[in-house]
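Asks: To convert, count from 1 in the sequence shown and add 69; that's the working numbering.
A virtual CB, placed ideally from N, CA and C, is assigned to each residue, including glycine.
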Amino acid sequence: MAGIDVPEIHSIFASSGTDETYCAIKNEINSRCREAKVFTEQLFEKTHQYLDPDIVKELPGQFHQRFWEIYLAASLLEAGLSLQHSNGRDGPDICIQVDGESKVWVEAVTASPGQGSDAVQEAEFGTVRSVPDDQIKLRLLNAFAEKSRKYERYRGRNWVGLNEPYIIAINAAQVPSARRELQIPRIVRSLLPFGFQVLHLNRENLELTDTSYEYQGEVVKISGTEVETTSFLNPKYSGISAVIYSCADVSNYPIEISNALLLFHNPLAVNPLPIGFLKKGHEYWVEQYLKNKNWNQEQSV
Numbered sequence: 070m071a072g073i074d075v076p077e078i079h080s081i082f083a084s085s086g087t088d089e090t091y092c093a094i095k096n097e098i099n100s101r102c103r104e105a106k107v108f109t110e111q112l113f114e115k116t117h118q119y120l121d122p123d124i125v126k127e128l129p130g131q132f133h134q135r136f137w138e139i140y141l142a143a144s145l146l147e148a149g150l151s152l153q154h155s156n157g158r159d160g161p162d163i164c165i166q167v168d169g170e171s172k173v174w175v176e177a178v179t180a181s182p183g184q185g186s187d188a189v190q191e192a193e194f195g196t197v198r199s200v201p202d203d204q205i206k207l208r209l210l211n212a213f214a215e216k217s218r219k220y221e222r223y224r225g226r227n228w229v230g231l232n233e234p235y236i237i238a239i240n241a242a243q244v245p246s247a248r249r250e251l252q253i254p255r256i257v258r259s260l261l262p263f264g265f266q267v268l269h270l271n272r273e274n275l276e277l278t279d280t281s282y283e284y285q286g287e288v289v290k291i292s293g294t295e296v297e298t299t300s301f302l303n304p305k306y307s308g309i310s311a312v313i314y315s316c317a318d319v320s321n322y323p324i325e326i327s328n329a330l331l332l333f334h335n336p337l338a339v340n341p342l343p344i345g346f347l348k349k350g351h352e353y354w355v356e357q358y359l360k361n362k363n364w365n366q367e368q369s370v
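Below you can see the structure in the form of structure tokens.
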């Protein structure tokens, strides 16, 4: 198996950096940063042979982006999946090996808060506001679109085979309020047209009789531009087998790190993954899809 030359694991924090989080951890400015340093080094020790050699060079300037790749690889290993070295310089970030021969490719991306009028703003201390659900959806959809375009380039250069599954792994830890979730996770509601939940009450006694969801086929930007929330109903994206989603970061993660992952299967995937592929965390798929847009969504935890 191909690998990379790493002097010593602590060297990932040996360089001077421009990223604020990287510098805080490197200098161990408090106990939390010391813990984050040890945690990152431990994950890197387990995963460095599977990742892009440039990850050490890029960590000081893009800490969270590169940390997500390290965390993701470590989580997949913890979930019992086998990895092999992926040439991240030219192709997808992570390669999962199945049955000794088949490959599943994973492309990692971190969603940003965005810029301009549609950016997701931090909540102000001491004030009350609604969670900016649509704005957060826009950030997730932007990340999804970016890596969908990369899939087309990978296919065009034959770096991903015609019959090989391709997963987009989105991390939203840097998007304010992204951790505030409803019953159906936001990533599901971004790729399928679920709106807000509707409660059905008996008019006479106001007892709850049923629940349903509004249909929301698009998110509207401040400019009036509509961004569709139906990617997993669109054959254009059938090359995307699934999406992995997480809000884990270097300071917020579960004891079993793979439990921070959510795997959402694309119902139209030409190279689908088997249900139960991840074995850890949360898994969502469409149980039934009808042409009249009525479908049931099931969850396996």
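(1) Below 8 Å on the Cβ atoms is my guess for P129 versus G86; work out the distance and round it to an integer in Å.
(2) Using DSSP bridges, identify the partner residues of S85.
(3) Contact between the region 250-268 and the region 321-337 is defined here as three or more beta-carbon pairs at a separation below 8 Å; is this criterion met?
(4) Are the region 210-219 and the region 314-322 in contact at 8 Å, needing three or more beta carbon pairs?
(5) Are the CB atoms of A242 and D318 nearer to each other than 9 Å?
(6) Tell me A177's beta-bridge partners as DSSP assigns them.
(7) From this set, Q153, V244 and N232, which residue's C-alpha is nearest A188's C-alpha?
(8) Could you give the C-beta distance for L277 and L270, rounded to a whole number, given that I count them as a contact under 8 Å?
(9) Keeping to the same chain, check which residues put their C-beta closer than 7 Å to that of V339; ignore five residues upstream and five downstream.
(10) Work out the CA separation of L141 and I237 for me, nearest whole Å.
(11) Measure from the alpha carbon of I205 to the alpha carbon of each residue in T298, C164 and E138, then state which is nearest.
(12) Pull up the DSSP beta-bridge partners for I165, would you.
(13) Would the beta-carbon of S151 be found less than 8 Å away from any heavy atom of the ligand SAH?
(14) So, for V66: in the same chain, excluding its five sequence neighbours on each side, which residues have a beta-carbon less than 6 Å away from its beta-carbon?
(15) Measuring straight from C-alpha to C-alpha, what distance separates D162 and A143?
(16) By DSSP, does Y353 sit in helix, in strand, or in coil?
(17) For S151, is the classification buried or exposed, using 16 other Cβ atoms within 10 angstroms of its Cβ as the cut-off for buried?
(18) Tell me whether L212 sits in a helix, a strand or coil according to DSSP, three-state version.
(19) For G183 versus W228, is the C-beta distance shorter than 9 Å?
(20) In its own chain, which residues sit with a C-beta less than 6 Å from the C-beta of N240, not counting the 5 before and 5 after it?
(21) As a quick exercise: from E250, S259, E283 and N274, pick the residue whose alpha carbon is nearest that of Q266.
(22) Would you report the Cα separation of L347 and P341, rounded to the nearest angstrom?
(23) Go ahead and pull the three-state DSSP assignment for D121.
(24) Looking at C-alpha atoms only, which residue of D88, T109, S84 and G286 is the closest neighbour of N321?
(25) E356 to C102, Cα distance in whole Å?
(26) With 16 other CB atoms within 10 Å as the buried threshold, where does I291 fall?
Replies: In brief:
(1) 3 Å
(2) Answer is none; S85 lacks a bridge partner.
(3) yes
(4) no
(5) yes
(6) A238
(7) V244
(8) 6 Å
(9) S307 and G308
(10) 11 Å
(11) T298
(12) L152 and V173
(13) Ligands displayed in this structure: none; no statement on the ligand SAH is therefore possible.
(14) This structure leaves residue 66 out entirely; the chain is present only between 70 and 370.
(15) 13 Å
(16) strand
(17) exposed
(18) The residue you asked about is not Leu; residue 212 is Ala in the sequence shown. In this structure, A212 counts as helix in the three-state DSSP scheme.
(19) no
(20) W137, T179 and S315
(21) E283
(22) 13 Å
(23) coil
(24) T109
(25) 43 Å
(26) exposed
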